[in-house]
Structures are given as C-alpha cells and as structure tokens.
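Residue numbers (our numbering): 865 to 1366. All remarks here apply to the structure that follows.
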Amino acid sequence: YSGVVGDGDGIDVGRSDGSRNNVLTTNIISKNEDNGIEICSGVSGNSLDYNCVCENGDVDIHDGDATTGNNNTCDTTYNYDDVGVSGCTYSCGSEVIADFYAEPTKGAAPLTVIFTDKSKPEGDITSWSWDFGDEATSDEQNSSHTYNATEPYSYYNVSLTVNWTGGESDTETKTDYIVVWRPKSVPNADFYCERGVGELSQPVTFTDRSLGEVTSWAWDFDNDGVVDNTTQNPSHQYGKEGIHNVSLAVIGIGGSSRETKIGCVRVGSGSGEKRPLVDAHFFASERNGAAPLTVKFTDFSKSEDELLLWRWDFGNGNTSNERNPVHIYNESGIYNVSLEVTNTEGAKAVETKTGYIRVTEGAFGTGKSVNPYPSIFGAHNGTITPDQDIIVNRMYTYPCNGTGGHTVYVRIGNESEGTDGVGHWSGYQSDYQNITISPVITLLQGHEYNYTIITGSYPQIIHARSKHVTGGNITCTEFTDANGKKYVNWIPAIRLWYNGKE
865 YSGVVGDGDG IDVGRSDGSR NNVLTTNIIS KNEDNGIEIC SGVSGNSLDY
915 NCVCENGDVD IHDGDATTGN NNTCDTTYNY DDVGVSGCTY SCGSEVIADF
965 YAEPTKGAAP LTVIFTDKSK PEGDITSWSW DFGDEATSDE QNSSHTYNAT
1015 EPYSYYNVSL TVNWTGGESD TETKTDYIVV WRPKSVPNAD FYCERGVGEL
1065 SQPVTFTDRS LGEVTSWAWD FDNDGVVDNT TQNPSHQYGK EGIHNVSLAV
1115 IGIGGSSRET KIGCVRVGSG SGEKRPLVDA HFFASERNGA APLTVKFTDF
1165 SKSEDELLLW RWDFGNGNTS NERNPVHIYN ESGIYNVSLE VTNTEGAKAV
1215 ETKTGYIRVT EGAFGTGKSV NPYPSIFGAH NGTITPDQDI IVNRMYTYPC
1265 NGTGGHTVYV RIGNESEGTD GVGHWSGYQS DYQNITISPV ITLLQGHEYN
1315 YTIITGSYPQ IIHARSKHVT GGNITCTEFT DANGKKYVNW IPAIRLWYNG
1365 KE
C-alpha cells in the first residue's frame, strides 16, 4: 500500500482471532487520524519491512505483540511513542525525511536559538536550507539565529529543506515554533491540564505554559475566586464529580494576566466527554498614551479545534466580536482588557489582563466633570488659554451617562492672529463624540482664543466660570440652553487634540 489515509487507523495487521506471521512491506502510511499501523492484540510473528510511517495523530506503530523486521520509519515529532519496536529505524526506502529541533524555543528578545538537524538518513544529505521565519536564512547543517520581537509577542515559523544524494528533497515546517517577547511585556497566562479523571481519588496535574517573564503563580481550581495553590506546576485532588473551570493568574515585571479555561477538567465517569483545550491569548499595539488612544488588538489564541467566536471587553463598557479589533480610548484611565474565545466544540477560555491599557489626558482637556449635572444641550461661549503651543484638528465631548453627549458645531479662533477653526458634526458614526476641526489650527502658549460650542445632546458640565485644566485655562462667558435660559458657569467638558492628519 502506498498513499495517505484519512480517518481511523492507516493499516490494521491481523485479526482478533489471533492470525499470525503477517508481512507488511514497502508502505507509506501518513496523516491518519488515529494510529498509522495497528497490530491487533494477540497477533504475533509479524514482519514489518521498509515501511515509512509518519505524521499520524496517535501512535505511528501500535505494537500489540512480537514484531520483527527492519528499516521501518517512525517520526518522533508526531507523538511517536513506539520505543522498542523491533527494526524501527529512520530509513524509508529511497526517501529522505527532514527533521530538526531547537533550543530554546521561547524567551525574551534578543533570543539566540541553536538549531540542530535531525534529518535522515544521515550521511546521504548533500545540502541544508533553513528559513527562520523573519527573512533570515542559513545553509549550514546546524545553525544558530538571534530573534528580536517586532510585537509584544512575536511568533516565527521555521522550515528546513534537505537534499539527498538520490536527487530527492524534503521540507519540515514547524508553525509558531519560536516565541519571542519584548522585555517587560505583560505575561500571557496559559496552562495544560488533564481533562478527564476517572476517580475522585486520582489527582489532576496542571502544567504551567505561560509566556513572558513570570515571577508568581496563583491557581484557582474551581474558579471561585479562592487561590488554591501558588506553585508553578501543581496537582490537585477534587472532592466532587463534575465539570470544573480552572483559572491561573500570573504576575511578572510587565504586569499580570489571568487565563480561565471553561470546562477544563471533568471528574468522574458520568462527567461527559473530554473537551478540547483552548488558550485565549492577545496583545495590544499600544498600551500607554494620551487620549484619544487608538489601540489595535491582535488575537493569538490557540485551540485543538477551529476557533469560532471571539468576545472582547475593553474595560470601558465597550465590546467587540471581531477577531482583531481596533478600539479608541477617549477618556483617561486604567483599563482591564479580556478576551473570551470559543472553538467549534464549545470549549471556552478567557484571558484577562489587569491594568493593561493606561490612558492619560491629551495636550488640552478638562477631563471628566466631578459633578456633571444639571446638564442640557445648548450654545457655549468662552475662552481658551493654553500654557503650551498645541496643534488642534479634533475635539472630544465628554457625554453624560446614557446620553449621546456630542457637539454639532464648534468654532475656535483669534481674529487678530487670523486663527479660525470650524467643525460640523457628521452624524452618529462609530466615533461621533469626536468632531473634526478644519483647517488644522495652532493655539499659541499664553494667547487667548474664543470658542463657540453648540451641543446636540447632554455633555458633561463643569459648573465654574473659569477652571485651570490639563494644558491651560478655560472659561465660560455665556451658555444659552435649549430653553433660552442663560448661565455664566457652564463650561463643557471637552478635550482638544490632533490626529496627525491635515
């Protein structure tokens, strides 16, 4: 037999009635869901000669009894655990098999990795070609390479192509094989657990697989908010049958994160089938900056089955179901961010990064009002005096809770300088609380500029005639509300900023 098979075992040798002395020769058995070759229990005296068995889901050769033969290929990179099978070598007829390993495979940048060629057959390979996944290459048999991190976490695929004296070649590619992080990146909590336990008396072993520089671990084996263990790789004995959610919180010099696996452990025979594991993992393009801060979030979750759903919580009341969303933080503050992922089998995991996004006020802004009420829409007039030169083409209006809180018209200028910037609202779009001012204007340090702001919904109000704010001073000359009433102590809560575009 020669070819690639699909579901189940590749080839079953013998029958349950004890047939013996079967001969299996010159086969290519690859990429089967279960075992490559299954030698039935009670069958003996079989001969396996010149077979190439590799990349099968479970065991390449499951040996039920005595097996003789030689020159059988067994691929150790794909769950091969058939140590002791007689005659299992790395020769596969006239084929060459590319293989390699690396040490270390993860660490902080700059990370130097040693790559070792393990291709077979030894002595018959004429050339090697490495691709390290970051545009770097090598033609040495055993090579080293130094990686840098282009993102908080960078993942690299590595490939090795070998050529054989017979003119044949083979390529081995390992996906996301090298993981490199920037020093002081927020760690990514992750772990592996045994998903099914038959008896309550049998402890469950948990293995930490977190990425980043981790200094402490806190395990919660029932996800009830109680820390049960603080060692890196603990074991735990459950006191009741059922399905258990498990959380791991890790702390490092860059911050903290928590991973929660839903339905991770199932204890007892009546607890249902094991669920495939999934790891929620993400990072942000920006973590610190002045408002409005635009952040691109990138999903790097892993799953044994295909991921189906993503749910982001940005920590400010906004969510997204996109895989890689972009979010604008308009207000200063410290925000926790979480991502919940669900795969096609219904398994879920949640990663939460605490204090992950930190947003400060912009060059000129009032910030939120301590007492924003009473509030009503209308026309605000007053002055702005910056304490530094600022470039402006956008204005953000802080809304009262449950309202639109937007501005429909703004004009800022100084007639003697020829400064005059005007903005008109463009409707309820995704960023409707920001209004564009045109042309771009520069407000000079110590100079006074008049403003007119007409709000179309309830903004937050600073009830004062004058207030020193971030970046300068703002006053209220007069406010006329929607009912025609006039006030002299209603300053709209706003922020002036520049988005880098003309």
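Quick reminder that beta carbons are idealized off the backbone N, C-alpha and C, glycines included.
- Around the beta carbon of histidine 1288, fewer than 16 other beta carbons sit within 10 angstroms, so the residue counts as exposed.
- Distance from the CA atom of glutamate 1312 to the CA atom of asparagine 1180, rounded to whole angstroms, is 34 Å.
- Secondary structure at lysine 1160: strand, using DSSP grouped into helix, strand and coil.
- By the neighbour-count criterion, in which a residue is buried when 16 or more other Cβ atoms sit within 10 angstroms of its Cβ, tyrosine 1017 is buried.
- The beta carbon of leucine 1157 sits closer than 8 Å to the beta carbons of Glu1150, Ile1192, Tyr1193, Ile1221 and Val1223 from its chain, once the five residues preceding and following it are set aside; these are given in chain order.
- Proximity to arginine 1329 across Thr889, Ile1305, Thr1341 and Ile1318 peaks at Thr1341, based on C-alpha coordinates.
- Aspartate 1295 has its alpha-carbon roughly 29 Å from the corresponding atom of threonine 1206.
- A direct Cα-Cα distance of roughly 7 Å separates isoleucine 1301 from valine 1256.
- Contact annotation: glutamate 1225 and arginine 1359 have beta-carbon atoms nearer than 8 Å.
- Between threonine 1124 and valine 1214 a beta carbon distance of about 4 Å is seen, short of the 8 Å cut, so the two are scored as contacting.
- Ranked by how close their Cα comes to the Cα of proline 974, the residues Ile961, Gly1119 and Ser1008 have Ser1008 in first place.
- Phenylalanine 1228 sits away from isoleucine 1198, with the two beta carbons spaced by 8 Å or more.
- Within its own chain, the residues whose Cβ lies closer than 8 Å to the Cβ of threonine 1183, once the five positions on either side in sequence are excluded, are Arg1175, Trp1176 and Asp1177, listed in chain order.
- As DSSP reads the structure, glutamate 1123 sits in a beta bridge with Leu1112 and Glu1215.
- Between the alpha carbons of threonine 1037 and phenylalanine 979 lies a distance of about 13 Å.
- Across the set Ala1211, Arg1046, Asp873 and Arg1275, the C-alpha of Arg1046 shows the shortest separation from the C-alpha of glutamate 1077.
- By a beta-carbon distance limit of 8 Å, valine 1159 contacts alanine 1148. Their separation comes to about 5 Å.
- Rounded to the nearest whole angstrom, the CA to CA distance from glycine 1231 to threonine 1334 is 8 Å.
- Note on aspartate 963: 16 or more other CB atoms within 10 angstroms of its CB, so buried under the neighbour-count rule.
- In terms of Cα proximity to glycine 1106, the closest of Ser1121, Val1091 and Arg1130 is Arg1130.
- Nearest to arginine 1122 by alpha-carbon distance, out of Asn1027, Ser1111 and Gly1116, is Ser1111.
- Contact annotation: threonine 1035 and serine 1023 have beta-carbon atoms nearer than 8 Å.
- Not a single unbroken stretch of the alpha helix (DSSP H) spanning 4 or more residues falls wholly within the region 1188–1252.
- Looking at the DSSP output, asparagine 1152 bridges to Arg1222.
- Glutamate 897 is classed as exposed because its beta carbon has fewer than 16 other beta carbons within 10 Å across all chains shown.
- Per DSSP, the unbroken beta strand (DSSP E) holding isoleucine 1338 starts and ends at 1336–1339.
- Listed as beta-bridge partners of serine 1184 by DSSP are Trp1176.
- Excluding its 5 nearest sequence neighbours in each direction, alanine 1053 has C-beta neighbours in its own chain below 7 Å: Ser1074, Leu1112, Ala1113, Val1114, Ser1121, Arg1122, Glu1123 and Glu1215, listed in chain order.
- Look at isoleucine 1305 here: in three-state DSSP terms it is strand.
- In the three-state reduction of the DSSP assignment, tryptophan 1081 falls in the strand class, which pools E and B.
- In the same chain as asparagine 1097, and ignoring 5 residues on each side of it, the C-beta atoms closer than 6 Å to its own belong to Thr1071 and Asp1072, in chain order.
- Per DSSP, cysteine 1264 lies in no beta strand (DSSP E) and is assigned neither H nor E.
- In this structure, the straight-line span from the alpha carbon of isoleucine 892 to that of glutamine 1293 is close to 59 Å.
- Between glycine 1118 and serine 1165, the CB-CB gap reaches or exceeds 8 Å.
- Nearest neighbour of tyrosine 1262 by Cα position, chosen from Lys1217, Ser1280, Ile1240 and Ile1248, turns out to be Ile1240.
- Linking glutamate 967 to threonine 1095 through their CA atoms gives a straight-line distance of about 25 Å.
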